[in-house]
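Here is the structure we will look at.
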Amino acid sequence: MPTLDGAVVLVTGANGGLGTQFVHQALARGAAKVYATARTPRAWDDARVVPLALDITDPESILAAVQAAPDVTVLVNNAGVTVSAGEILGHTDEEIRSNVETNFVGPLLLARAFAPQLVRAQGAAIVDVHSALSWYAAGGIYSAAKAALWSVTNSLRLELAPQGVHVVGVHVGYVDTPMTAGLEVPKADPVQVVAATLDAVEADEFEVLADETSVQAKAGLSAPLEVVYPELARTRP
Numbered sequence: 005m006p007t008l009d010g011a012v013v014l015v016t017g018a019n020g021g022l023g024t025q026f027v028h029q030a031l032a033r034g035a036a037k038v039y040a041t042a043r044t045p046r047a048w049d050d051a052r053v054v055p056l057a058l059d060i061t062d063p064e065s066i067l068a069a070v071q072a073a074p075d076v077t078v079l080v081n082n083a084g085v086t087v088s089a090g091e092i093l094g095h096t097d098e099e100i101r102s103n104v105e106t107n108f109v110g111p112l113l114l115a116r117a118f119a120p121q122l123v124r125a126q127g128a129a130i131v132d133v134h135s136a137l138s139w140y141a142a143g144g145i146y147s148a149a150k151a152a153l154w155s156v157t158n159s160l161r162l163e164l165a166p167q168g169v170h171v172v173g174v175h176v177g178y179v180d181t182p183m184t185a186g187l188e189v190p191k192a193d194p195v196q197v198v199a200a201t202l203d204a205v206e207a208d209e210f211e212v213l214a215d216e217t218s219v220q221a222k223a224g225l226s227a228p229l230e231v232v233y234p235e236l237a238r239t240r241p
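The opening residue of the sequence shown carries number 5 in my numbering; numbering runs sequentially from there.
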């Protein structure tokens, strides 16, 4: 069973609101070291935190991170980008490619790169941060990319569980971080989201529904599409 006590954790997107909480709470649970990664890593006031440059959309950067962090036992795929609200056909080429590369391809390539050393470790785990929008196509390309990451997480879980690596998927709606500062909507507390996630890691659970939005979104998967998306019914004569 995975444990944070004595673990070596690598967190992507560590400069952000959720990422910072992953760093602090992993240490609070006894992690021996945390690699805090970002394109431009910042300084930390704890010797157990190792700032590490990482661009998850760059294969060479991923390879360099694997070489720099050969002792990782817990990988947290937290880095992501959002996109302005709008219909998927209205997104620019750059928005589409950025979302797919950051929210889907990057976490997959990172998991593949670290998998060999995670398999060799004891109590290893991968955490993938999805979104409630993985299950509700209201976010354009963001929803599509996060849905793809959800599928990847399921595939990784099936492939790595027999090799002793536990894979946790996290779903959450809006989180109260700088990224959502301009939105007047209900937001989850990042402290609680990360605490629930790390609880799930140590309890050997597969999935975290971190807020009511995620609970409702998953429940909607079994409903008729006209119920999930009432606008479909309105388009019929």
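By construction, the Cβ of each residue, glycine as well, lies at the ideal position given by its N, Cα and C atoms.
{"Query": "Bounding residues of the beta strand (DSSP E) (the contiguous stretch that carries His95)", "Result": "Looking at the DSSP string, His95 is not in any beta strand (DSSP E), and its letter there is neither H nor E."}
{"Query": "Opposing strand residues paired with Pro55 [DSSP bridges]", "Result": "Ala40"}
{"Query": "Inter-residue Cα distance where the pair is Gly34 and Val12", "Result": "10 angstroms"}
{"Query": "Three CB pairs or more closer than 8 angstroms across the stretch 58 to 72 and the stretch 19 to 29", "Result": "no"}
{"Query": "Residue from Glu64, Leu160, Val78 with nearest C-alpha to Leu202", "Result": "Val78"}
{"Query": "Residue range of the unbroken beta strand (DSSP E) whose run includes Glu211", "Result": "211 to 213"}
{"Query": "Cβ neighbour criterion (16 or more within 10 Å) applied to Thr96", "Result": "exposed"}
{"Query": "Nearest-angstrom Cβ-Cβ length linking Pro45 and Leu56, presumed shorter than 8 angstroms", "Result": "6 angstroms"}
{"Query": "Short Cβ contact (9 angstroms threshold) for His175 with Ala221", "Result": "yes"}
{"Query": "CB contact flag (Arg43, Leu58, <9 angstroms)", "Result": "yes"}
{"Query": "His170 beta carbon less than 9 angstroms from that of Trp154", "Result": "no"}
{"Query": "Test: Asp75 CB closer than 9 angstroms to a CB of chain B", "Result": "In the displayed structure, chain B is absent; only one protein chain is listed."}
{"Query": "Option nearest Thr217 by Cα separation, candidates Ala142, Asn103, Ile60, Thr61", "Result": "Ala142"}
{"Query": "Whole-angstrom distance between Gln29 and Gly168, CA atom to CA atom", "Result": "24 angstroms"}
{"Query": "Exposure of Leu162, with buried meaning 16 or more beta-carbon neighbours within 10 Å", "Result": "exposed"}
{"Query": "Bridge partner(s) assigned by DSSP for Asn103", "Result": "Its beta-bridge partners do not exist; DSSP assigns none."}
{"Query": "Residues that Leu236 bridges to, as DSSP identifies them", "Result": "DSSP lists no partner for Leu236."}
{"Query": "Closest by C-alpha distance to Phe108, when choosing among Thr86, Val131, Ala47, Ala149", "Result": "Ala149"}
{"Query": "Bridge partner(s) assigned by DSSP for Val13", "Result": "Val38, Val78"}
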